[in-house]
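When you line the sequence shown up against our numbering, it's residues 284 to 425, in that order.
All C-beta atoms in this analysis are idealised placements derived from N, C-alpha and C, irrespective of residue type, glycine included.
Working notes for the structure below.
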Amino acid sequence: MRKARLSVYLEPAILDALAAYADRRDRSLSLVAEAAIASFVTPDASERLEAALSARLDRLNRTQDRLERDQSIALETLALFVRHWLTVMPSLPEPQRQAAQAKGGERYDAFVEALGRRLAKGSVFRREIAEELDARSDEATS
């Protein structure tokens, strides 16, 4: 069956958008326009759009759930470490306590600065550990 010819008038901005989309997809203007019109006039187009949006929302929801779980694990790990550290650290006598508190303040400030630098740089400790473990694994196998 031969296709029928259709002439349409488009706003320049819409034509530019259509041409850019066709170029990105490496398709002809006619093919992209035909698909768009078919999608527009097909009665189930809204149902397909709803299904696509629903699938995307489901994927985003699963990702969010995974992030919440990972954050919970990280916070619980930190809380357990702090509790353990506080339990095993002996109390210092008063003269040493003041010096230790001053030194602790200095160390904390250095820690916050280092954390700020790492976050600004985009470093991720977990990624660094994974790379280090991969390197060790490669050394062990060679």
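Collapsing the DSSP output to three states places Gly405 in coil. With a contact defined as Cβ atoms closer than 8 Å, Ala316 and Leu301 qualify at about 7 Å. Taken in chain order, the unbroken stretches of alpha helix (DSSP H) that lie wholly in the segment 334 to 414 and span 4 residues or more are 377 to 404. The beta carbons of Ala362 and Leu375 sit no closer together than 8 Å.
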